[in-house]
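>
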Amino acid sequence: MSVIRSSSSALLLIGGVATLPGAASVRSQFQQSTSAWQAADAELGYMQQPIGPATPKTTSRVASTPARRRSQNLAPLFLRNNFLKKKLENQNFQLLRTRLRSLAPLFLRNNFLKKKLENQNFQLLRTRLRSLAPLLRPKNLVEKQLKNRNLQLLIRQRPQNLAPLLLRNNFHKKKLENQNLHLLPTRPRNPVPPFRRKHHNLRHNILAFAATPPTRYFLRPPDKPSQGVNQPQPKKTGSGIRSGPKSKPRSPISPDDTVTAKMTSWVQVATTPTADTGPSLVLHFDHRRYLFGHLSEGTQRALNQRKYSMAKLETLFLSGPSTWRHTGGMVGMLLTLADVLEGSRKSVQEHNDARKKMGKSLLEDKGPERLEIHGGRHLTHSIATSRNFIFRKGMPIRAVELDEETRSAAHDLSKPDWEDDAIQVWKVPVVAAEQNSRKRSFDVMNTSDDNSDEDSDANSGANNGETFPYSVAQKKIDKEAVAAVVEQMFSSDWTMDTLAETKLHDVRLPATIFVRRDGQISKYTGPMPGGDEDVPNIDVLVRIPWPATKVRFLPKLADPANMSVCYVVKNRGRRGKFNPKVAKQHGVQPTDFKRLTSGQTVTGADGVEVTPEMVLAPPEKPSGFAVIDIPGVSSIESFLQRYEWKDAELMNNVLVFYWLLGKSVVDDSRIQAFMKGRPEVKHVVLAPDACSNMIAFESYAILLAKLRRIDADRFPLLGFDNTTRDLSFIGPNVETAGVGMKAYLTPYLAKDQKSVAAREQALLPPPTFEEVETMPQEVLALADQARMRVKDPKFLAAVERAEKDIPNRDTEIIPLGTGSALPSKYRNVSGTLIRVPKYGNYLLDCGENTLGQLRRAFNAQEVESILRDLRCVFISHMHADHHLGLVTLLQAWDDATANIDPPPQLTIICPAMMKNFLHESKYLQRLATDRMVFPRAQWSDAIIARDLPPGDPSMLSSFSQVPVVHCHQAFAVVLTWPSGLKIAFSGDCRPSDNLVKAGMGATLLVHESTFNDDKLGDAKAKKHSTMGEALDVAYRMGARRVLLTHFSQRYAKMPLLEERKTANGADQAVLVAFDQMRVKLGEFRQAMEFLPAISRLIEIEDAKDSKQTGEDA
């Protein structure tokens, strides 16, 4: 008897309602199966017809049964002596001829066996739900509780009368197309979760079905024969081949996928070159994701905007040179991935701790054992420069660096350079040609502008443009040393509480020093090394530093960072389709079909061995794509000379070429000829002079446009250009990439098997800002009222009286990043630009993609003007979200000021570790560190004040660094100008009395407000401030204007609108920062009038987003 009939009988005995919610609608959407497949499907165990909603029209036999028949009439049917000797005569109810001893365990196992049938009225069927539930839903098969009323049908009607209802003649003649099998008698509004069942022998009875654990299963398309879904097993890794992370179990397929979806894979354009993003691709498999291309600043935020899952991203393939222009988002991405995976591990561990106490089986951690990142020359060095501010444990990072040709002279391409269970990857290095102009000294090189930015980066030599004649052995030693540093950065057993003994005069400051007296450890308070006093020759205890920080300087580089890496990527192909008819002809039992599809040999009729090749169609060949990265015209010749592009076997079934090109490369005749010579391939170009400069972070752009409708003076339009370049003049198969463009790598999905890759135009359209036109009228009414108030002469006169003592009222504050920790859709990480007319521009912190935010807010000419007038950059501390954008900003500043005579200098106030980071980063790209001034001050727990002479490059009269409570070497700063303008910036910190003292009477206080007031405990634990604490600092400091920033939440609460006064009675105005807003010191009062409208808009947007998040969940 088939499993389906068994399950139907289970339905009968559980509740007697053979209905499935939504099945009727499924029948209306899918073509019903034809008779040609009925026999085969019956053998495979497929259900032939969806179980639809119960019809009010019952069978004649059911209709003739009296509805008021007493339940005691059932007792003789089950309990009289001769019941076991009789057989049911109804041919449609075959399962009920099972003997009573076979049916009894279904009802009488577990606690049910402890009860007795005490009367003929079958009283136990009226037992409460909590007694029946463990019996009727083995292993959580049923998630909805059964209602008592569902049992009444069995009490009122004879089983013989129920049989036709469940097992009518045509029940097995229809195909089941509904993947969500609702096999339990719940009401249509309470659907039962989908499950998967195994193929059972047709003679299995109801008990076999009841004992089967519930799982999910997949259905084939209704109009096609069943197709094999198993991938070939990964080949054994040969010598020299780098294998990927350990394969993990495949994730469940979504409900709308068919059996073919298990092998479905596609590559999608995630980002294109814009003002604030670089080019990148995401390769999608159901169980894993891969990233190809550049990891430029802004990539992580763009992936978050596009809702790409980070949890399945475990292997990154970087194509560009190992310079910050191409890898500026790498460190932030690695930190995020490490945190995501560590959070997943902790969650699994917490659940397992709870399950262990309850005696339940433990959950399996399905996350990867490590993260892999592949790239070109000096990739490891690029990561190692961040060792002073990267602190992660238990998440190994494997940096696979392609430094030189790894293949033999025979150019053997039969084996890939890297592979896992899903893809195979061949790496193709491309090296930029050396240019004599780039061998000059660093000073001369910085004033040279005869090459594009990409060529400048690609040819910038190691160690200020010079190379060193290192031996091969020394290079190997240096590479191993740097690789060990990276290993220690992400995987170490270091603990903060470990103390080491040393001599006091050998201690390197800054450090906390302890001494042991009478067996007790206490903090040392005597003379410190490096001071004016002599230090005693005593033994002290200090904390062992984070292992990676013990390396003070990285080895010098012998070669320039001028290598980009191209990739040829292929999937594993696909096993041929399984033919059940052929298998039956060989005498294979249906229970062995699954073994054949998984590649095993089985025994057929007469003991003949049947191999998979005998019942499977020819396999489909692997298909794939190529990622070609040419950063500048100096790399074209190296690219054309590579033998990989001429290898017919490697290029076979490579369906798409993705071209990641620098400026002007696409116009080179050699590249165009290469494209024209491959008309069978689709060429997709990702280049800054071809792709549109579309809005990359549309969520915030739309919010900013809504804020502009409220207050146009503070919220400007963002710059964008949605025009794409038409490249069809090269060939009909050449086009410009767009975000969301997708290419399937599974050939059988294409309508024509001989066509190029099946492509789905899932292009992300540029934002239309239509939502801005439909803003709530109540918000617009509040904005109109504010505009009327700020034009009132009385209001303007009051503002003039209150601000007459404020210097430099035309000073403009432009927040470029107002979020904390991670870039999000609505907020970038920390960065605030201060523009002081007649003095210059000043930057307070420089988080990732600060330059991108600047380029999006201003046109190219204005950005260059801002960079030329940049006088000082302050970095508050070494947390990555406060400085990862500094290298690209300094490169842009160098470009903007290279032709100024004399070349200007730039003051950088920062922790000592930041200076070391910049000096090591210049080995990879041009950095004019000789034109950077680093004011050096000894570490102290007190305020470090410094007066500056007239004509100082910073144009400041003085500055004060204030040590604050947050992390090692965390500072606030107070900047003072000759005009009397005084600006205090908190960085990240707990409320600081020293900052109040140093910034007393400040014109402007920019203070972090990470948490709302109801999260005070979180603020203390993470050493941040709440909004209330920040306002208290402003009150005690006497700051006239206050800008709150660095928010952990999407929308910050608006401050109270009552008139505020400082401790000395002066007026005080408070604003909440938004990315790319612009407000002048003399306009804080006007801006405050719009806060009611902004506050109401934020409430509406927050409610809308919360609702959308709930629907998505």
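Under the numbering used here, the first residue of the sequence shown carries the number 17, and numbering increases by one thereafter.
Backbone N, C-alpha and C define an ideal beta-carbon position, used for all residues, glycine too.
On a predicted model such as this, the values are computed, not experimentally measured, just so you know.
#1: Could you pull the DSSP bridge partners for aspartate 555 from this structure?
#2: Could you give the DSSP three-state label for lysine 679: helix, strand or coil?
#3: Can you tell me whether methionine 1053 is helix, strand or coil according to DSSP?
#4: In the DSSP assignment, find the unbroken beta strand (DSSP E) run with isoleucine 529 in it and report its ends.
#5: State the DSSP-derived secondary structure class of tryptophan 434, mapped to helix, strand or coil.
#6: Would phenylalanine 301 and tyrosine 583 qualify as a contact pair, given that the criterion is a beta-carbon distance under 8 Å?
#7: Is DSSP giving threonine 619 helix, strand or coil here?
#8: Distance check for asparagine 368 and methionine 374, CA to CA, integer angstroms please.
#9: Distance, Cα to Cα, glycine 434 vs histidine 602?
#10: Would you call proline 748 buried or exposed, if buried means 16 or more other Cβ atoms sit within 10 Å of its Cβ?
#11: Based on Cα-Cα distance, which residue from Ala1000, Pro920, Phe933 and His895 lies nearest to arginine 884?
#12: Using the Cβ count rule (16 or more neighbours within 10 Å means buried), how would you classify leucine 235?
#13: For the beta strand (DSSP E) containing methionine 710, name the first residue and the last one.
#14: Measuring alpha carbon to alpha carbon, tell me which residue in Ile829, Arg725, Gly754 and Leu761 is nearest glutamate 789.
#15: Please classify tyrosine 306: is it buried, with 16 or more other beta-carbons within 10 angstroms of its beta-carbon, or exposed?
#16: If we require 3 or more residues per run, which beta strand (DSSP E) segments fall completely within the segment 324-357?
#17: So what's serine 881 in DSSP terms, helix, strand or just coil?
#18: Valine 446: which of Thr1026, Leu849, Asp645 and Thr514 sits nearest, CA to CA?
#19: From this set, Ile493, Phe609, Pro647 and Ala759, which residue's C-alpha is nearest glycine 392's C-alpha?
#20: In angstroms with no decimal places, state the Cα-to-Cα distance between lysine 323 and isoleucine 960.
#21: Return the Cβ separation of tyrosine 855 and arginine 887 in integer angstroms, given the expectation that the two are a contact with Cβ distance under 8 Å.
#22: How would you write the range of the beta strand (DSSP E) that arginine 305 sits in, first residue to last?
#23: Does DSSP put valine 889 in a helix, a strand or coil?
#24: Less than 7 Å between C-beta atoms, sequence neighbours within five positions excluded: which residues of the same chain meet that for asparagine 875?
#25: Give a single yes or no on whether valine 879 has its beta carbon closer than 7 Å to a heavy atom of the ligand MG.
#26: Mind checking aspartate 808: buried by the 16 CB within 10 Å criterion, or exposed?
#27: Can you give the Cα-Cα distance for leucine 612 and arginine 588, rounded to whole angstroms?
#28: Just confirm the distance between the C-beta atoms of alanine 703 and valine 682, as a whole number of angstroms; I'd bet it's less than 8 Å.
#29: Is the separation between the beta-carbon of proline 839 and that of histidine 893 shorter than 8 Å?
#30: For the beta strand (DSSP E) holding phenylalanine 975, just list the boundary residues, first then last.
#31: Three or more C-beta pairs under 8 Å: does that hold for the segment 1038-1055 against the segment 1089-1105?
#32: Nearest-angstrom Cα distance between alanine 621 and glycine 640?
#33: Go ahead and label leucine 1020 buried or exposed: buried means 16 or more other beta carbons lie within 10 angstroms of its beta carbon, across all protein chains shown.
#34: In angstroms, rounded to a whole number, what distance separates the CA positions of alanine 986 and leucine 1060?
#35: For threonine 518, collect the residues of the same chain with a Cβ closer than 7 Å to its Cβ; drop the 5 residues on either side in sequence, then sort them by chain order.
#36: On a CA-only basis, which of Arg952, Gly754 and Asp292 is nearest methionine 929? Give me that one, please.
Reading off the structure:
#1: Against the sequence shown, residue 555 aligns to sequence position 539. Lys519.
#2: Position 663 of the sequence shown holds residue 679. Three-state DSSP puts lysine 679 in coil, outside helix and strand.
#3: Stepping through the sequence shown from its first residue, residue 1053 is reached at position 1037. Three-state result, methionine 1053: helix.
#4: Residue numbering aside, residue 529 sits at position 513 when the sequence shown is read from its first letter. Unbroken beta strand (DSSP E) run through isoleucine 529: 529-533.
#5: As a working mapping, residue 434 is identified with position 418 in the sequence shown. DSSP places tryptophan 434 in strand when its eight states are reduced to three.
#6: Taking the first residue of the sequence shown as position 1, residue 301 is located at position 285. Taking the first residue of the sequence shown as position 1, residue 583 is located at position 567. Phenylalanine 301 is not a Cβ neighbour of tyrosine 583, given a cutoff of 8 Å.
#7: For the purposes of this step, residue 619 is identified with residue 603 of the sequence shown, where counting begins at 1. Correct three-state label for threonine 619: strand.
#8: For the purposes of this step, residue 374 is taken as the residue at position 358 of the sequence shown. For the purposes of this step, residue 368 is taken as the residue at position 352 of the sequence shown. About 10 Å.
#9: If you number the sequence shown from 1, residue 434 lands on position 418. If you number the sequence shown from 1, residue 602 lands on position 586. The amino acid occupying residue 434 in the given sequence is tryptophan; glycine does not appear at that position. Rounded to the nearest angstrom, the two C-alpha atoms are 40 Å apart.
#10: Numbered from its first residue, the sequence shown carries residue 748 at position 732. With a 10 Å radius around the Cβ and a threshold of 16 neighbouring Cβ atoms, proline 748 comes out exposed.
#11: One-based indexing of the sequence shown puts residue 884 at position 868. Checked all of Ala1000, Pro920, Phe933 and His895; the closest Cα to arginine 884 is Pro920.
#12: Reading the sequence shown from its first residue, position 219 is the one you call residue 235. With a pLDDT of only 25 at leucine 235, under the threshold of 50, the placement of this residue in the model should not be trusted; the figure read from the coordinates follows. With 16 or more other CB atoms across the displayed protein chains lying within 10 angstroms of its CB, leucine 235 is buried.
#13: The residue you call residue 710 lines up with position 694 of the sequence shown. Taken as a continuous stretch (DSSP letters only), methionine 710 belongs to no beta strand (DSSP E), as it is neither H nor E.
#14: Translated into positions along the sequence shown, residue 789 becomes position 773. The shortest Cα separation from glutamate 789 among Ile829, Arg725, Gly754 and Leu761 belongs to Arg725.
#15: Locating residue 306 in the sequence shown gives position 290, counting from the first residue. Tyrosine 306 comes out buried.
#16: Listed in chain order, they are 329-334.
#17: For this step, residue 881 is matched to residue 865 along the sequence shown. In this structure, serine 881 counts as helix in the three-state DSSP scheme.
#18: Translated into positions along the sequence shown, residue 446 becomes position 430. Comparing Cα-Cα distances from valine 446 to each of Thr1026, Leu849, Asp645 and Thr514, the minimum goes to Asp645.
#19: Here residue 392 is taken as the residue at index 376 of the sequence shown, counted from 1. Out of Ile493, Phe609, Pro647 and Ala759, Pro647 has the C-alpha closest to the C-alpha of glycine 392.
#20: Residue mapping note: residue 323 aligns to position 307 of the sequence shown, counting from 1. Residue mapping note: residue 960 aligns to position 944 of the sequence shown, counting from 1. Using only the alpha carbons, I get a separation of about 45 Å.
#21: Translated into the one-based positions of the sequence shown, residue 855 becomes position 839. Translated into the one-based positions of the sequence shown, residue 887 becomes position 871. Indeed, because the Cβ distance is near 7 Å, the residues count as touching under 8 Å.
#22: Within the sequence shown, the letter at position 289 stands for residue 305. Element bounds for arginine 305: 304-309.
#23: Taking the sequence shown and counting its residues from 1, one reaches residue 889 at position 873. Correct three-state label for valine 889: strand.
#24: Locating residue 875 in the sequence shown gives position 859, counting from the first residue. Within the same chain, Gly735 come within 7 Å of asparagine 875 by CB-CB distance, once the 5 residues on both sides are set aside.
#25: Inclusion of the ligand MG in the displayed structure is not the case, the ligand content being empty and no account of it being possible.
#26: As a first step, residue 808 must be located in the sequence shown, where it is residue number 792. Result: exposed.
#27: Within the sequence shown, the letter at position 596 stands for residue 612. Within the sequence shown, the letter at position 572 stands for residue 588. Whole-angstrom Cα-Cα distance: 19 Å.
#28: In the sequence shown, the residue the question calls residue 703 occupies position 687. In the sequence shown, the residue the question calls residue 682 occupies position 666. Their Cβ separation, rounded to whole angstroms, is 5 Å, which keeps alanine 703 and valine 682 in contact under 8 Å.
#29: As a working mapping, residue 839 is identified with position 823 in the sequence shown. As a working mapping, residue 893 is identified with position 877 in the sequence shown. Taking a C-beta distance under 8 Å as the contact criterion, proline 839 and histidine 893 do not qualify as a contact pair.
#30: The residue given as residue 975 occupies position 959 in the sequence shown. Segment 974-979, the beta strand (DSSP E) holding phenylalanine 975.
#31: Contact between the segment 1038-1055 and the segment 1089-1105 is absent, because fewer than three Cβ pairs lie under 8 Å.
#32: Position 605 of the sequence shown, counted from the start, is the residue given in the question as residue 621. Position 624 of the sequence shown, counted from the start, is the residue given in the question as residue 640. C-alpha separation (whole angstroms): 41 Å.
#33: Walking along the sequence shown from the start, residue 1020 turns up at place 1004. Leucine 1020 comes out buried.
#34: As a first step, residue 986 is located in the sequence shown; it is residue number 970 there, counting from the start. As a first step, residue 1060 is located in the sequence shown; it is residue number 1044 there, counting from the start. Near 19 Å, if we compare the C-alpha coordinates of leucine 1060 and alanine 986.
#35: Within the sequence shown, numbered from 1, the residue matching residue 518 stands at position 502. The residues are Val556 and Val558.
#36: By 1-based counting over the sequence shown, the position of residue 929 is 913. Nearest in C-alpha terms to methionine 929, of all of Arg952, Gly754 and Asp292, is Arg952.
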